[in-house]
Amino acid sequence: MNGLLGAQLRMIYRARGDYLAPVIFYVLVASLFPLALGPSPRLLSLIAPGVIWIDATLASVVAFAGLFRDDHDDGSLEQMLLSPRPLELIVLVRVFAGWVSLSLPLVLLAPLLALWFSFPPPILPVLLVSLVLTTGCLTLLGALGSALTVGLRHSLVLLPVLLLPLATPVLIFGAHAVLLAERGLDPRTPLYVLAALFFLALALIPKATAAALRVALEV
Amino acid sequence: MPLGRGGRGGGVIACGQNVLDIEGLVLRRGRRLLARRVDLRVDRGAFAYIVGPNGSGKSTLLRVLAGFGRPEEGVIRWSGRTIGEWGGAYRGEVAFLGHLEGIKSMLTPEENLAYRRLLVGPTGWRVPTPSPFFDVSALPDLPCQRLSAGQRRRVSLACLEYSAAPLWLLDEPLTALDHDGIAALGGLLARHLTAGGTAVVASHQPLPPSLVPATVLELGTKR
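Keeping their order, the protein sequence lines are chains A and B. Under this note's numbering, the residue at position 161 of the first sequence is numbered 175, and the numbers go up by one with no gaps. Under this note's numbering, the residue at position 187 of the second sequence is numbered 1230, and the numbers go up by one with no gaps.
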């Protein structure tokens, strides 16, 4: 599996321009809020968790729409399906490579965004932990959405409609953890729920994605 | 070369290793009926040649044989077992070359070969008799998106050359190949058959004269 992951990461690195766009989108959208709402530190720190979450969700949806599109268009999906290796495992490798290349930059840029929103620095660890779990869930959901819409012409319009309702619980608990921490309360409960959601997704989604990919290639 | 028989032999099915036997297969694409009853038997070391006009169901037949979707009616047996009975193990039996190359445009030819090797695993991979035409190291060491259509075709045929799968399903394999390429593909297929493999080839181009199909199946004709 290491070799497969290496090959995936190499392909992503060669096409790095395509993977940079969602990251730039993420930074640009966040930068619009202080401009539109005014630079009041109190207001900005109040809305920061919500803004960062909605922004990360939208960037993920945009980014993961095409997770399996290339594989479908160049025929390598057929070869993936004919591989004697479990398709779920290949999907998982793909999802992990997608997380490293698309979601990890979002997590790493979050402190920069937090700075713009005069976000209190002591809460940064909570922000980062919940963002890691949130983006993990979103990557898995994105993979499922991408597999369900692969081969459709208007997937970029359909995908948010499909994914955003599923992403809502993740958004609620992720943003709530940070809100609690901001108010000096214990953020662990929503973080545990978030972790539970992540592991649930990790257990179920690769199987569902593999099934969706098989259906997508049915005659 | 063993001769293929029409199929329906009174219900007695004697299937040996690497024998493909199709009985009463109904081909559909969406709601459209493509072929009412396909019967085909391909013996070990032989290949069937599927002909027919565009849209007659050649590709659909090959995709069903590859296990992409289950046939509504009819039975496909490979080495005596239906695809359903094979389960996941069937995937290791098949090498499929479709209209799409199945190679990654961001990887160089050699990286593509390595990637395919990772996908099929060590048991599905064998080192072939070298054939100069499909030697990927002779191709430019560039991402495949910068190669010509014919060069990309050579990469995907090179992947086929390394495949140890006994059943080859080739859909229009001659596309984008030059004269030498067609001859080289003929040699590749002949070696596969001599080694005891089986193949189903769909094409509307004439095959090289060295290749004599055991069965010719014509799709899309009014019956």
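Glycine residues also receive a C-beta, built at the ideal position from the N, C-alpha and C atoms. Computed from a prediction, not measured in an experiment: that's the story for all the values here.
Taking residue i as part of the alpha helix (DSSP H), name the residues at either end of that continuous run.
i         : result
Val175/A  : Ser169 to Glu196
Glu232/A  : Where Glu232/A is concerned, there is no enclosing alpha helix (DSSP H), given that its DSSP letter is neither H nor E.
Ala1132/B : Unbroken run through Ala1132/B: none, as it is neither H nor E.
Thr71/A   : Pro55 to Phe78
Thr1218/B : Here Thr1218/B belongs to no alpha helix (DSSP H), and DSSP marks it neither H nor E.
Val109/A  : Leu101 to Gly112
Thr153/A  : Leu138 to Thr163
Glu1153/B : Pro1152 to Val1163
Leu1143/B : Looking at the DSSP string, Leu1143/B is not in any alpha helix (DSSP H), and its letter there is neither H nor E.
Ser1259/B : In the sequence under discussion, the amino acid at residue 1259/B is Val, which differs from the Ser named in the question. Here Val1259/B belongs to no alpha helix (DSSP H); instead the beta strand (DSSP E) covers Thr1258 to Glu1261.
Ser1253/B : No alpha helix (DSSP H) holds Ser1253/B; DSSP gives it neither H nor E.
Arg1106/B : Lys1101 to Leu1108
Alpha carbons only, please: which of the options is nearest the one belonging to residue i?
i         : options                                       : result
Ala243/A  : Trp113/A, Ile26/A, His168/A and Pro135/A      : Coverage of chain A is limited to positions 15 through 233, which leaves residue 243/A absent and any answer about it impossible.
Ala1208/B : Pro1096/B, Thr1125/B, Ala1138/B and Asp1082/B : Ala1138/B
Arg1116/B : Val1179/B, Ala1078/B, Trp1168/B and Phe1090/B : Strictly speaking, residue 1116/B in this sequence is Glu, with Arg absent from that position. The shortest Cα separation from Glu1116/B among Val1179/B, Ala1078/B, Trp1168/B and Phe1090/B belongs to Ala1078/B.
Gly165/A  : Leu42/A, Glu92/A and Leu178/A                 : Glu92/A
Leu1254/B : Val1069/B, Ala1242/B, Gly1164/B and Gln1188/B : Ala1242/B
Arg1190/B : Val1170/B, Pro1171/B, Ser1206/B and Asn1155/B : One point to set straight first is that residue 1190/B is Leu, not Arg, in the sequence displayed. Residue Asn1155/B is the option with its Cα nearest to Leu1190/B.
Val1062/B : Asp1221/B, Ser1102/B and Leu1236/B            : Leu1236/B
Lys221/A  : Val171/A, Leu106/A and Leu178/A               : Leu106/A
Val207/A  : Ala191/A, Val43/A and Leu101/A                : Ala191/A
Phe133/A  : Ala217/A, Ala29/A, Ile66/A and Pro119/A       : Ile66/A
Leu147/A  : Arg28/A, Leu214/A and Gln22/A                 : Leu214/A
In terms of residue numbering, what span does the beta strand (DSSP E) encompassing residue i cover?
i         : result
Trp1121/B : Val1118 to Trp1121
Leu1068/B : Leu1063 to Arg1072
Asp1082/B : Arg1075 to Val1085
Phe1139/B : Val1137 to Leu1140
Glu11/A   : There is simply no residue 11/A to check, as chain A begins at 15 and stops at 233 in what is shown.
Ala1091/B : Phe1090 to Val1094
Roughly how many angstroms lie between the CA atoms of residue i and residue j, to the nearest whole one?
i         : j         : result
Asp1064/B : Ser1099/B : 20 angstroms
Ala1201/B : Ala1233/B : 15 angstroms
Gly1107/B : Thr1125/B : Here the sequence assigns Val to residue 1107/B, which means Gly is not the residue at that position. In a straight line, the C-alpha of Val1107/B is about 12 angstroms away from that of Thr1125/B.
Leu103/A  : Pro1252/B : 43 angstroms
Val142/A  : Thr223/A  : The question names Val, yet the displayed sequence has Leu at residue 142/A. Each residue's Cα considered, the two are about 27 angstroms apart.
Gly1073/B : Leu49/A   : 51 angstroms
Leu116/A  : Asp32/A   : 10 angstroms
Pro1045/B : Val114/A  : Residue placement at Pro1045/B is flagged as unreliable, the pLDDT there being 40, under the threshold of 50; the coordinate-derived value follows with that caveat. Their backbone Cα atoms lie some 53 angstroms apart in a straight line.
Phe187/A  : Leu1083/B : 58 angstroms
Leu95/A   : Val121/A  : 32 angstroms
Asp84/A   : Ser1174/B : 30 angstroms
Val184/A  : Val1259/B : 57 angstroms
Leu18/A   : Gly1164/B : 11 angstroms
Arg1075/B : Val1069/B : 11 angstroms
Gly1167/B : Val41/A   : 45 angstroms
Arg167/A  : Glu1144/B : 21 angstroms
Pro1216/B : Ala1132/B : 25 angstroms
Asn1097/B : Gly1263/B : 9 angstroms
Ala230/A  : Pro139/A  : 40 angstroms
In the DSSP assignment, what are the bridge partners of residue i?
i         : result
Ser1206/B : Trp1168/B
Phe1177/B : BP columns for Phe1177/B are empty, so no partner.
Phe47/A   : Answer by DSSP bridge pairing: none, since Phe47/A is not bridged.
Thr1243/B : Here residue 1243/B turns out to be Val, not Thr, going by the sequence shown. Answer by DSSP bridge pairing, in chain order: Ala1091/B and Leu1212/B.
Arg28/A   : Beta-bridge pairing links Arg28/A to no other residue.
Arg1124/B : Trp1121/B
Within 8 angstroms of any Cβ in chain E, is that where the Cβ of residue i sits?
i        : result
Pro220/A : Annotation note: the requested chain E is absent from the structure, which comprises protein chains A and B.
Are at least three pairs of beta-carbons, each pair with one atom in the stretch 143-157 of chain A and one in the stretch 64-84 of chain A, less than 8 angstroms apart?
By the C-beta criterion, the stretch 143-157 of chain A is judged to be in contact with the stretch 64-84 of chain A, since at least 3 inter-stretch pairs fall below 8 angstroms.
Quick test of the definition: if touching needs 3 or more C-beta pairs under 8 angstroms, does the stretch 1171-1186 of chain B touch the stretch 50-61 of chain A?
Contact between the stretch 1171-1186 of chain B and the stretch 50-61 of chain A is absent: fewer than 3 CB-CB pairs across the two stretches fall below 8 angstroms.
Are three or more beta carbon pairs between the stretch 1145-1162 of chain B and the stretch 1189-1205 of chain B nearer than 8 angstroms?
Short answer: they touch.
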